[in-house]
Every structure is written in structure tokens, then in C-alpha cells.
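Enquirer:
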Amino acid sequence: MFKFRGILINKHILLGISGGIAAYKSAELVRLLRKQGAEVRVVMTHSAMQFVSPLTFQALSGHPVHSELLDTDTEHAMGHISLARWANALVIAPATANTLAKCSHGLADDLLSTLYLAATCPIYVAPAMNQAMWHKPVTQENIQKLKSHGVIVIGPEQGAQACSETGFGRMSEPVEICRRLMTDPSTQCFSGLKVLISAGPTREPLDPVRYISNRSSGKMGYALAGAALKAGAKVTLVSGPVSLLAPVDADLVSVETAAQMHAAIMSKVSEHDIYIGAAAVADYSPLLIEKEKIKKQDEQTTLTLQKTRDILAEVAQLANRPFTVGFAAETHDLEQYALDKLARKNLDMIAANWVGQIPPSPPFSKGGENSELPTSPPLEKGDLGGFDSDQNALQVFWKNGKKNLAMTDKNHLAEQLISLIAERMEHERHDKNTA
Ligand code: PMT
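In my numbering, the protein residues as written are 551 to 985.
1. Beta carbon of LEU862: closer than 7 Å to some heavy atom of the ligand PMT?
2. Closer than 8 Å is the cut-off here; do at least three beta carbon pairs connect the region 754-765 with the region 715-726?
3. With respect to the alpha helix (DSSP H) encompassing SER911, which residues constitute its N-terminal and C-terminal limits?
4. What residue range is occupied by the uninterrupted alpha helix (DSSP H) comprising GLN681?
5. For ASP898, is the beta carbon positioned less than 7 Å from some heavy atom of the ligand PMT?
6. Would you call the region 585-592 and the region 553-568 in contact, with 3 or more CB pairs under 8 Å?
7. Between the alpha carbons of LEU923 and ASP801, how many angstroms are there, rounded?
8. The ligand PMT and PHE937: does any heavy atom of the ligand fall closer than 7 Å to the residue's C-beta?
9. Please go through the same chain and pick out, in chain order, the residues whose beta-carbon is closer than 6 Å to the beta-carbon of GLY709, but skip the five residues on each side of it.
10. Just to confirm, is the Cβ distance from GLU1006 to ILE559 under 8 Å?
11. Between ARG713 and PHE601, what straight-line distance do the alpha-carbon atoms span, to the nearest angstrom?
12. Measuring only between beta-carbons, confirm whether PRO836 sits less than 8 Å from chain B.
13. Can you pull the DSSP bridge partners for ARG720?
14. If we count Cβ pairs, one from each stretch, closer than 8 Å, do we get three or more for the region 812-819 versus the region 736-756?
15. What number of angstroms, rounded off, separates the C-alpha of GLU965 from the C-alpha of TYR887?
16. Hey, is ASP799 close to the ligand PMT, as in C-beta under 7 Å from one of its heavy atoms?
17. Mind reading off the beta-carbon distance from PRO677 to LEU657? Whole number of angstroms is fine, and I expect it under 8 Å.
18. Run the CB neighbour count on GLY932, radius 10 Å, all protein chains shown included, and call it buried at 16 or more, exposed below.
19. Please say whether SER617 and LEU661 have beta carbons closer to each other than 8 Å?
20. Using 7 Å as the cut-off, classify the Cβ of SER766 as near or not near the heavy atoms of the ligand PMT, replying yes or no.
21. Would you call the CB atoms of LYS744 and HIS822 closer than 8 Å?
22. Quick one: does the C-beta of ALA796 sit closer than 7 Å to a heavy atom of the ligand PMT?
23. Pair every Cβ in the region 679-688 with every Cβ in the region 639-653, then say whether three or more of these pairs are closer than 8 Å.
24. State whether the region 826-836 contacts the region 852-868, with contact taken as three or more CB pairs (one from each stretch) at a distance under 8 Å.
25. Roughly how many whole angstroms lie between the Cα atoms of PRO927 and GLU976?
26. Below 8 Å on the Cβ atoms is my guess for ALA639 versus ALA668; work out the distance and round it to an integer in Å.
27. Using only the alpha-carbon positions, how far apart do LEU838 and ARG584 sit?
28. For HIS616, write down the residues that DSSP places opposite it in a beta bridge.
29. On the criterion of 16 or more Cβ atoms from any shown chain inside 10 Å, does GLY700 qualify as buried, or is it exposed?
30. For GLY768, which of ALA828, GLY776, ARG555 has the nearest alpha-carbon?
31. According to the Cβ coordinates, are THR786 and VAL798 closer than 8 Å?
32. Cα separation between HIS545 and SER939?
33. Given 7 Å as the limit, tell me if THR874 has its C-beta closer than that to any heavy atom belonging to the ligand PMT.
34. Quick one: what does DSSP say THR689 is sitting in, helix, strand or coil?
35. May I ask you to report which of helix, strand or coil DSSP gives GLU885?
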């Protein structure tokens, strides 16, 4: 249903349910939000509890439902102020005419209306009521007032109503409410984060007309930049020479050689929270660059190359380093080399891909492991996976963990990798806090 699964990872959604028949739809909303990775806490008004049991929402959210404003136990554990502070977004769905009226007038006589006043995060309301109640001037005034206070109003929709009338007043579908939250930068998993991504090949000049390079097209790195932007991040894309258009919102730094890429990344890295090294950086560059075109002479000739600086390893060694994700491009022994790079370069995560003949086994073949979404057709025999292709598959490793991302188009694959990075960052943050 949603392509970019996990875009709400680590985000805290406070769901307020007021008393209308549409309360049953909110159960589906909790499920969808959690599927996107959000943590959901539910607050119900007393009349909402007449429609659906709090037990339903407790089971679906995995947390006790809050309903009392003046409850000593609750106030001690997670009272209204801490609940309001906890939330990245407050969503009132369904929002009855009564709840909307209370919010627009600043009345705070129950937990939900008090939370509305205490919340400093973005607030969404999804009205649900009889069509005549919706059209009543006072309701419309309340809605306009809430909008003018920055509240985002979703719906209502037109159609048959539970009271057997037809018109505006049906609560928007949970999928639509979830979609709105997914496009709000403040609730996206990379909101507030700055991501530095390297992409494409490097070109190491031999003389004024020749260079050593590789087959990288930049597609993987550019797809990651697009996915990180979609997930709410600010993105700097350091790119080798490619024939792709960078996502408009990315800050593009174009480079040519490994040395230029090194300089660009090292000068930018301290401003970033995440570094993803998707570029195919030359491991060696010519020791000497001839000033004039090298002439054809002997049957054989020898080039002397020197090692380039390993950007990824240097980033990972910084004292205040970002969450560091490397790539491993291998033609054989993929897992072994990837695990070696993960440990040796001290990375937080490594995404390994084949760059030779694709092995016919998951996740590199169609229908690979952990493939919950439809995959693209398998690559043709002889296709060089990873490099230049529109598709790719990844085996992602971190300390004590691994996930296969099945063969699919690079945009979709990038979204999955971004979600996984958000998930792992949250785990690391949690582990640090509990250590
Ligand atoms: O660009 P595409 O056509 O879409 O192809 C995508 C890709 C195959 C290039 C991409 O998915 C990929 O695997 N990128 C890394 C390619 C690579 O250079 O892998 P490596 O195993 O040689 O290097 C390991 C890691 O070290 C990489 O993160 C690389 O960016 C980094 N590195 C390598 C050398 C160097 N001097 N500095 C580095 O930072």
C-alpha cells in the first residue's frame, strides 16, 4: 500500500480518539502507523470508550490507553505534560464536533483537550460527524479557527453516514491519515538529520586525455539521496562524474578524482549525522600524471599506481563521527569480505552487493528473503549486478545482525536501506541510553 515502508521509524504519534462511530477505524490507523515504524500511544475520551474498548487499542499499540486527566498513578508514570512532550505529532481521529469546539476555545476539561493545549508538536484532526453538524456555522467557525492556529485538518469525506444520511462528515480513511503523517517532515524518520552521501565513480587521470575509472553510474547513490530527502533529511551529495540529474533538494558537490572526493567529504563530514559511502572510489591512482598525451611505443607498458586515501575508513575513525555506512562491491566471497570491511574499518553498517555475475540465490534472485514487497524481474544472465543496472540487491550487515534486501529497483532498495539505517540508529541510541 505504501512503497516507502518505515518512514515513521522512531517517531512518536499520540493518537487521540473522541466519541464517534468512526472510532473503530482508528484501530486500523494504529496498525498502519506501527507498520510504518511509529510508536503509538492512545488517549481516549470517555465517550470514545463507549464505542470501542480501550483493550483493543492497548493490544494494537502495545501500551496502556490513557483516559484520565486526574489519575495519580498515570500522572506519576506518564502524565499529560510528559505525554505531550513525548509526541512528535498529535492526531485526533475521529475528532467530534464537541472535541473540535473544546480545542478551538481552549477548554481543557478532560485528558485529550488538555493534551491539545499542552502539545507543542504538529497537530492533526480528522473530523467525523453527521453532515448537518459539519455544515453548522459554529462548527465551520471552529474549524477555521483551528486552521488559523496551525492545526492540520484532514477530511472529512463525503458519502453515506452511519446515521443513514449522505454528505460531508465521514472520517477520512486511516490510509489517508497515515499518508499525511508520512509526508510531514516533522514525523519522518530522518527529520532533523543531515546526511552526506558519496556516489558514482572517480576518474584518475593518466594524461590530459585518458583516465582510469569504473562502471559506477551513480544510480545507487543518487537513489539513496532521493530516499533520504523523502525521509525528511537534509542531504549533501558528493558525486563523481555521472550523467544523472541530482535530486533538486540535495546540495550537490561535483568532484572527479578520489583525492577531490576525499577533500570534499572530509570538509563536510563534521556537519552531518550520517555518512553513506556508495561511491566506487578508485583504490589506486597513477603516481604521475603525464602533462602530454602518452605516445604509443612499446608492445607492453607499465603504469605505476599509488594507493588513494580510504575515505570511508577515515570518516569512521573521526572522534565525533557520524553514523557510518559503507558499501562493499565484490565479485566473490561477498559476506566474508563485507564482514571484514565492517570490522576493519569500524563501520556501523555495511551494504554488500555483487558486482559480477549475479548468483542465482536469494536475495540476489527474484523473490529473495525478507522480500515483503513485489520485486522486479531477475537480472538477465550476464548482467553485471550492482554497477550501472537499474536494479540491485543488498546484504546488509552490522555488529551481530544482518538483513537481506531482495533484488528490486534501486529507488525502492534505497528506501529500504534508509529505513534500516533509521532502525539501527534508534537501536544504538537505545543501547547507549540503557548501558
Ligand atoms: O553507481 P551504480 O552504477 O548504481 O552502482 C552502485 C555501486 C555498485 C557502485 C554501489 O552499490 C557500491 O557498491 N558502491 C561501493 C563500490 C566500492 O568501491 O566498493 P569497495 O568494496 O571497493 O569499497 C568499500 C567501501 O569503501 C565503499 O563504501 C567505498 O565508497 C569506500 N572507499 C573505497 C576506496 C576509497 N579510497 N575510499 C572509500 O571510501
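All residues carry an ideal CB built from backbone N, CA and C; glycine is no exception. Quick caveat, the model's predicted, so the values are computed rather than measured.
Expert: On the basis of the supplied data:
1. The residue given as residue 862 occupies position 312 in the sequence shown. Yes, the ligand PMT has a heavy atom inside 7 Å of this Cβ.
2. no
3. Counted from its first residue, the sequence shown places residue 911 at position 361. Segment: none, SER911 is in no alpha helix (DSSP H) and carries neither H nor E.
4. The count along the sequence shown starts at 1 and reaches residue 681 at position 131. Segment 681-685, the alpha helix (DSSP H) holding GLN681.
5. Stepping through the sequence shown from its first residue, residue 898 is reached at position 348. Checking the Cβ of ASP898 against the ligand PMT gives no.
6. yes
7. By one-based count along the sequence shown, residue 923 stands at place 373. By one-based count along the sequence shown, residue 801 stands at place 251. Only weak support exists for where LEU923 lies, its pLDDT of 37 falling under 50; the value from the coordinates is given anyway. Using only the alpha carbons, I get a separation of about 31 Å.
8. The residue you call residue 937 lines up with position 387 of the sequence shown. Checking every heavy atom of the ligand PMT against the Cβ of PHE937, one is found closer than 7 Å.
9. Within the sequence shown, residue 709 is the residue found at index 159, counting from 1. Answer for GLY709: ARG720, listed in chain order.
10. Shown here, the chain extends from 551 to 985; a query on residue 1006 therefore has no answer.
11. Here residue 713 refers to the residue found at position 163 of the sequence shown. Here residue 601 refers to the residue found at position 51 of the sequence shown. The question names Arg, but residue 713 is Cys in the sequence shown. About 15 Å.
12. The structure shown contains no chain B; it is built from a single protein chain.
13. To locate residue 720, count along the sequence shown from 1; it is residue 170. Answer is GLU707, bridged to ARG720.
14. yes
15. Residue 965 sits at position 415 when you count from the first residue of the sequence shown. Residue 887 sits at position 337 when you count from the first residue of the sequence shown. If you draw a straight line from the Cα of GLU965 to the Cα of TYR887, it is about 24 Å long.
16. Position 249 of the sequence shown, counted from the first residue, corresponds to residue 799. Checking the Cβ of ASP799 against the ligand PMT gives no.
17. Against the sequence shown, residue 677 aligns to sequence position 127. Against the sequence shown, residue 657 aligns to sequence position 107. Not really, about 17 Å apart at Cβ, beyond 8 Å.
18. Taking the sequence shown and counting its residues from 1, the one referred to as residue 932 is at position 382. Unreliable positioning characterises GLY932 in this predicted model, as indicated by a pLDDT of 48, which lies under 50. The coordinate reading is nonetheless provided below. GLY932 should be labelled exposed.
19. Stepping through the sequence shown from its first residue, residue 661 is reached at position 111. Stepping through the sequence shown from its first residue, residue 617 is reached at position 67. It is a contact, given that the beta carbons lie within the stated cut-off.
20. Start at 1 with the first residue of the sequence shown, and residue 766 comes out as number 216. Yes, Cβ of SER766 sits closer than 7 Å to a heavy atom of the ligand PMT.
21. As a position in the sequence shown, residue 744 is number 194, starting the count at 1. As a position in the sequence shown, residue 822 is number 272, starting the count at 1. Yes, these two residues count as a Cβ contact at 8 Å.
22. The count along the sequence shown starts at 1 and reaches residue 796 at position 246. No - the ligand PMT has no heavy atom lying nearer than 7 Å to the Cβ of ALA796.
23. yes
24. Contact between the region 826-836 and the region 852-868 is present: three or more C-beta pairs spanning the two stretches fall below 8 Å.
25. Position 377 of the sequence shown, counted from the first residue, corresponds to residue 927. Position 426 of the sequence shown, counted from the first residue, corresponds to residue 976. A caution first: PRO927 carries a pLDDT of 45, below 50, which makes its placement in the model unreliable, though a value can still be read off. Rounded to the nearest angstrom, the two C-alpha atoms are 33 Å apart.
26. Within the sequence shown, the letter at position 89 stands for residue 639. Within the sequence shown, the letter at position 118 stands for residue 668. In fact, because the Cβ distance is near 14 Å, the residues do not count as touching under 8 Å.
27. Against the sequence shown, residue 838 aligns to sequence position 288. Against the sequence shown, residue 584 aligns to sequence position 34. Their Cα atoms are separated by approximately 57 Å.
28. The residue labelled residue 616 in the question sits at position 66 within the sequence shown. Paired residue(s): VAL593.
29. Here residue 700 corresponds to residue number 150 of the sequence shown, with the count starting at 1. So GLY700 ends up on the exposed side.
30. In the sequence shown, the residue the question calls residue 768 occupies position 218. Taking only the C-alpha atoms, the option nearest GLY768 is ALA828.
31. The residue given as residue 786 occupies position 236 in the sequence shown. The residue given as residue 798 occupies position 248 in the sequence shown. Their beta carbons are not under 8 Å apart, which means THR786 does not touch VAL798 by this criterion.
32. Residue coverage of the chain in this structure runs from 551 to 985, which leaves residue 545 outside it and unanswerable.
33. For this step, residue 874 is matched to residue 324 along the sequence shown. No, the beta carbon of THR874 sits no closer than 7 Å to any heavy atom of the ligand PMT.
34. Taking the sequence shown and counting its residues from 1, one reaches residue 689 at position 139. DSSP places THR689 in helix when its eight states are reduced to three.
35. Within the sequence shown, the letter at position 335 stands for residue 885. It is helical.
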